[in-house]
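J.: Just so we're aligned, residue 1 is where the sequence shown starts under UniProt numbering, counting upward by one.
Every residue, glycine too, gets a C-beta built ideally from N, C-alpha and C.
On a predicted model such as this, the values are computed, not experimentally measured, just so you know.
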Amino acid sequence: MSTEQNKPATVPASVAMLRVLESWGVKHIYGYPGGSFNSTMAALDAEKEHIQFIHVRHEQVAALAASADAKLTGHVQVCFGSAGPGATNLLTGLYDAREDHAPVVALIGQVPSTNMNYDYFQEFAENPMFEDVAVYDRTVMTPESLPYVVDKAVREAYKHKGVAVVVIPNNFGYVQIPDTPYSSSSPTDRKPAPLPHATDEEVREVVRLIKEAKRPVIHVGRGIGAGGEKLVELSKKLQVPLVLTGLAKGLVPDEYEANLGYANRAACKAADEAFATADLVIALGSNFPFANLVYRTHEFKFVQIDADAGRFGSHHFLDYGVWSDATSFVESALRLLETGEVEETESTPFFRACVAANQNWREYLQKMMNRESDPLEFEAVYKQINRVAEEDALFSIDVGDNIINSFRYLNLTPKNKWTISALFASMGYGLPGAIAGALSFPERQIFHIAGDGAYSMVMQDLITEKKYGLPVINVITSNASLNFIKSEQDDIAMPQHSGIFLEDQDFAMIAQGMGVEAVTVRSSAELPAAFDKAVEVTKAGRPFLIDAKITDKRGLPVEELEFHMEDGKLVETINANYNANGTLHHPETLEEFFASYDGEELLPMTHYFELEGVEI
1 MSTEQNKPAT VPASVAMLRV LESWGVKHIY GYPGGSFNST MAALDAEKEH
51 IQFIHVRHEQ VAALAASADA KLTGHVQVCF GSAGPGATNL LTGLYDARED
101 HAPVVALIGQ VPSTNMNYDY FQEFAENPMF EDVAVYDRTV MTPESLPYVV
151 DKAVREAYKH KGVAVVVIPN NFGYVQIPDT PYSSSSPTDR KPAPLPHATD
201 EEVREVVRLI KEAKRPVIHV GRGIGAGGEK LVELSKKLQV PLVLTGLAKG
251 LVPDEYEANL GYANRAACKA ADEAFATADL VIALGSNFPF ANLVYRTHEF
301 KFVQIDADAG RFGSHHFLDY GVWSDATSFV ESALRLLETG EVEETESTPF
351 FRACVAANQN WREYLQKMMN RESDPLEFEA VYKQINRVAE EDALFSIDVG
401 DNIINSFRYL NLTPKNKWTI SALFASMGYG LPGAIAGALS FPERQIFHIA
451 GDGAYSMVMQ DLITEKKYGL PVINVITSNA SLNFIKSEQD DIAMPQHSGI
501 FLEDQDFAMI AQGMGVEAVT VRSSAELPAA FDKAVEVTKA GRPFLIDAKI
551 TDKRGLPVEE LEFHMEDGKL VETINANYNA NGTLHHPETL EEFFASYDGE
601 ELLPMTHYFE LEGVEI
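1) Let me know the secondary structure DSSP gives V76 once reduced to three states.
2) What residues are listed by DSSP as bridge partners for R138?
3) Quick check: the region 533-551 against the region 488-496, are at least 3 beta-carbon pairs closer than 8 Å?
4) Using C-beta distances below 8 Å, list every residue in its chain close to H55, excluding the 5 sequence neighbours before and after it, in chain order.
5) I'd like to confirm the pairing. Which residues does DSSP put opposite S10 in its beta bridges?
6) For N474, which three-state DSSP category applies?
7) Provide the residue span of the beta strand (DSSP E) that contains E465, from first to last.
8) Starting from H55, trace the beta strand (DSSP E) both ways and give me its first and last residue.
9) W24 and S185: beta carbons closer than 9 Å?
10) What would DSSP say about Q110, mapped onto helix, strand or coil?
11) Among R98, I485, N115 and F124, which one has its Cα closest to the Cα of V163?
12) Buried or exposed for S478, going by 16 or more other Cβ atoms inside 10 Å?
13) Pull up the DSSP beta-bridge partners for G31, would you.
14) How do the region 324-333 and the region 224-231 stand: do at least 3 beta-carbon pairs fall below 8 Å, yes or no?
15) For the candidate residues A87, A393, D100 and S14, whose alpha-carbon lies nearest to that of D422?
16) Report the CB separation of D306 from G285 in whole angstroms; it is logged as a contact under 8 Å.
17) Take the Cβ of R190 as the centre, count every other Cβ of all protein chains shown within 10 Å, and call the residue buried at 16 or more, exposed below.
18) Evaluate the contact criterion for the region 158-178 versus the region 11-29: three or more CB pairs, one atom per stretch, below 8 Å.
19) Here's a check: name, in chain order, each residue in its chain whose Cβ is nearer than 7 Å to the Cβ of S406, leaving out the five neighbours to either side.
20) Have a look at K367 and P528 and give me their C-alpha separation to the nearest angstrom.
21) Excluding the 5 residues preceding and the 5 following K539 in the sequence, name in chain order all residues of the same chain whose CB lies nearer than 8 Å to its CB.
22) What separation, rounded to the nearest whole angstrom, lies between the Cα atoms of E592 and H585?
23) Applying the 10 Å Cβ sphere with the 16-neighbour rule, what's the burial state of Y182?
24) So F441 and I473 are in contact, right, with Cβ under 8 Å, and what is the actual spacing, rounded?
25) Which residue spans inside the UniProt domain "Thiamine pyrophosphate enzyme central" (203-331) form an unbroken beta strand (DSSP E) run of at least 3?
26) Closer than 8 Å to a non-hydrogen atom of the ligand PLP - does that hold for the CB of A42?
27) Of all the options A66, V165, F378 and E560, which has the alpha carbon lying nearest to the alpha carbon of P128?
28) Please name the residue or residues paired with K553 in a DSSP beta bridge.
29) Would you please state the rounded distance, in angstroms, between the beta carbons of D452 and L502? I believe it to be under 8 Å.
30) With DSSP as the reference, label F351 as helix, strand or coil.
31) What is the rounded straight-line gap between the Cα of K269 and the Cα of E257?
32) In terms of alpha-carbon separation, which member of V243, N360, Q445 and V149 lies closest to P604?
33) With contact counted as at least three CB pairs below 8 Å, one residue from each stretch, are the region 375-395 and the region 412-427 in contact?
34) Looking at C-alpha atoms only, which residue of M565, E559, F594 and E338 is the closest neighbour of N577?
35) Hey, how far is the Cα of K161 from the Cα of A102?
36) When you compare the region 246-254 with the region 338-353, are there three or more beta-carbon pairs, one atom per stretch, that lie closer than 8 Å?
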């Protein structure tokens, strides 16, 4: 036998690295090529039958898409950038992944090792830049270690639900290394992690606190998972209304009468009012980023139920903490109710008042969504989205007013998937999220909802939808204003708005220039035909864009409602800072405040408290 035949098989180090990613189930990689990444680009071409390179037009889109993909699928996703500006452009998307606990691996190009430390073109110390964002941050030191380091990066990204960064000197990827299995992936990695469970004693103590309270509220987070229907049952049996964090939307049925919606600014009226008057708050599987505002308005007892004990007390001092999965806790409470160890609660005044106030609010939302508008207002846009959306549609929602409006008007159930930049709140998230959704869930209908300010940051990547035949319905609510910020400036004592008005653009024409079919609408009467066309085009496998030219009106700011005691009586008023800059009409009464947002039929929570005899 010849010496040549005795030689062990070899493979380029970058190919070995990609095979590691393939073994972990990675189907596609988002990025933008550069000279310092060419060895990996050569490997991507060699492995194109097994892993797909998604060529975006900006590295920020690559990282945001990988983050969204990881949030939607729960699986590790990969993005890359070349040395220098390619690397720095990834940071926004990587911070989004870090803040929302999404497992993402970022591959970073570096100049060849032979040129490192020579002040070479685009060479710089990349690891320090990623130190804050990453749970794992390494530079590959030898070609042979490249697949090992990437395998380790995947494992650390999963372990910490965060970002792992691997910096790759370009010349290493070309080097032939032994063609052996480098992956540590195994069936064990696909098993769900064990979750903590509450003891019966802990459940009984929480129920005792609920029964002692006059105005209890459960603040529900995404930790409830698939337990939304069971939570509804518990809410009824214990007479506790539910207030949701934004990420829990769709997990608890919207139609449940005591699902009051959301607190703070992206809020529903009854939810903010109930929260502002509660004497017991039970945070159930929730991590509320606005807690330092909402949880500090008044004193109440605080119970926290969470699978992550590290979160205890992070937002409010604890009266009682239970280390438990949220749904498991609910199931245990229902079991004790069924066996009679815990008694059901009879109808309570606070529960009835919250339900009545919630019904009043929902009737207002329906009125706003169903009325005709010319010029176009945002509510009518959501009516059409709900009309044409399939029951398992996937939504990627950008930052700004569309977050508030989606929470209030968009129909979501556990059958849907949806994604936002939750904690980092990065503008420009919607389009990358839609690209990711269309790639990982090609069987689903995909919606991208964004304002003109957010969309214009990343709109070059509409061409990516066209390039890969991604049938996304892109809905751009265009009002030539950073309206979310404009509303904030309404309530600041500044002489006028500053920096929030945008130059309008013809987004439909720009889309058509990219070869994407599009239409502009300016009145509610034009919307049905536009959305019917969007469905027709996307069902044929092509993206479509609707440029909805809406007004820049402010949605009813329920966060401005406040409560205080006056002569032993609870009084509901408007925050003194409302309309501090004088742009809007300043109402003297709650009735005038509601009427200024076309809510003449809205009644204050105190009305329902008096009607039902709620004790304060």
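T.: This is what the structure gives:
1) By 1-based counting over the sequence shown, the position of residue 76 is 76. Three-state result, V76: coil.
2) Within the sequence shown, residue 138 is the residue found at index 138, counting from 1. The partner list for R138 (beta bridge, DSSP) reads V166.
3) no
4) Locating residue 55 in the sequence shown gives position 55, counting from the first residue. Taken in chain order, the residues that qualify are G31, Y32, P33, T464 and K467.
5) Here residue 10 refers to the residue found at position 10 of the sequence shown. Residue identity differs from the one stated: residue 10 is Thr in this sequence, not Ser. Paired residue(s): P178.
6) The sequence position of residue 474 within the sequence shown is 474, counting from 1. Note: N474 maps to strand in three-state DSSP.
7) Within the sequence shown, numbered from 1, the residue matching residue 465 stands at position 465. No beta strand (DSSP E) contains E465, which is instead part of the alpha helix (DSSP H) from L462 to K467.
8) Here residue 55 corresponds to residue number 55 of the sequence shown, with the count starting at 1. Here the beta strand (DSSP E) through H55 covers Q52 to H55.
9) As a position in the sequence shown, residue 24 is number 24, starting the count at 1. As a position in the sequence shown, residue 185 is number 185, starting the count at 1. Taking 9 Å as the Cβ cut-off, W24 and S185 qualify as a contacting pair.
10) Looking up residue 110 in the sequence shown gives position 110. Residue state, collapsed to three classes: strand.
11) Sequence index remark: in the sequence shown, residue 163 carries index 163 (1-based). Taking only the C-alpha atoms, the option nearest V163 is R98.
12) For this step, residue 478 is matched to residue 478 along the sequence shown. Label assigned to S478: buried.
13) As a position in the sequence shown, residue 31 is number 31, starting the count at 1. Paired residue(s): H55 and F80.
14) yes
15) Looking up residue 422 in the sequence shown gives position 422. Sequence inspection shows Ala at residue 422; the Asp mentioned does not correspond to that position. Per the Cα distances, D100.
16) In the sequence shown, counting from the first residue as 1, residue 306 sits at position 306. In the sequence shown, counting from the first residue as 1, residue 285 sits at position 285. With a Cβ gap of about 6 Å, D306 and G285 count as contacting.
17) The residue given as residue 190 occupies position 190 in the sequence shown. So R190 ends up on the exposed side.
18) yes
19) Walking along the sequence shown from the start, residue 406 turns up at place 406. The answer, listed in chain order, is I397 and I449.
20) Along the sequence shown, read from residue 1 onward, the residue named residue 367 stands at position 367. Along the sequence shown, read from residue 1 onward, the residue named residue 528 stands at position 528. K367 and P528: Cα-Cα distance of roughly 18 Å.
21) Here the question's residue 539 lines up with position 539 in the sequence shown. Only P471 meet the Cβ criterion.
22) As a first step, residue 592 must be located in the sequence shown, where it is residue number 592. As a first step, residue 585 must be located in the sequence shown, where it is residue number 585. C-alpha separation (whole angstroms): 10 Å.
23) Start at 1 with the first residue of the sequence shown, and residue 182 comes out as number 182. Burial call: buried.
24) As a working note, residue 441 is residue 441 in the sequence shown. As a working note, residue 473 is residue 473 in the sequence shown. So it is not a contact: roughly 14 Å between Cβ atoms.
25) 216-220, 242-244, 259-262, 280-284, 301-306 and 320-323
26) Looking at this structure, you won't find the ligand PLP or any other ligand, since it has none at all.
27) Stepping through the sequence shown from its first residue, residue 128 is reached at position 128. When only C-alpha atoms are compared, the closest one is V165.
28) Along the sequence shown, read from residue 1 onward, the residue named residue 553 stands at position 553. The partner list for K553 (beta bridge, DSSP) is empty, contrary to what the question assumes.
29) The count along the sequence shown starts at 1 and reaches residue 452 at position 452. The count along the sequence shown starts at 1 and reaches residue 502 at position 502. Correct: roughly 6 Å between the Cβ atoms.
30) Sequence index remark: in the sequence shown, residue 351 carries index 351 (1-based). If DSSP states are grouped into helix, strand and coil, F351 belongs with the helices.
31) What you label residue 269 is simply residue 269 of the sequence shown in a count that begins at 1. What you label residue 257 is simply residue 257 of the sequence shown in a count that begins at 1. Looking at the two C-alpha atoms, the distance is approximately 14 Å.
32) As a position in the sequence shown, residue 604 is number 604, starting the count at 1. Among V243, N360, Q445 and V149, the Cα nearest to that of P604 belongs to N360.
33) yes
34) Numbered from its first residue, the sequence shown carries residue 577 at position 577. Here the closest residue by C-alpha is E559.
35) Position 161 of the sequence shown holds residue 161. Position 102 of the sequence shown holds residue 102. So the two alpha carbons sit approximately 5 Å from each other.
36) no
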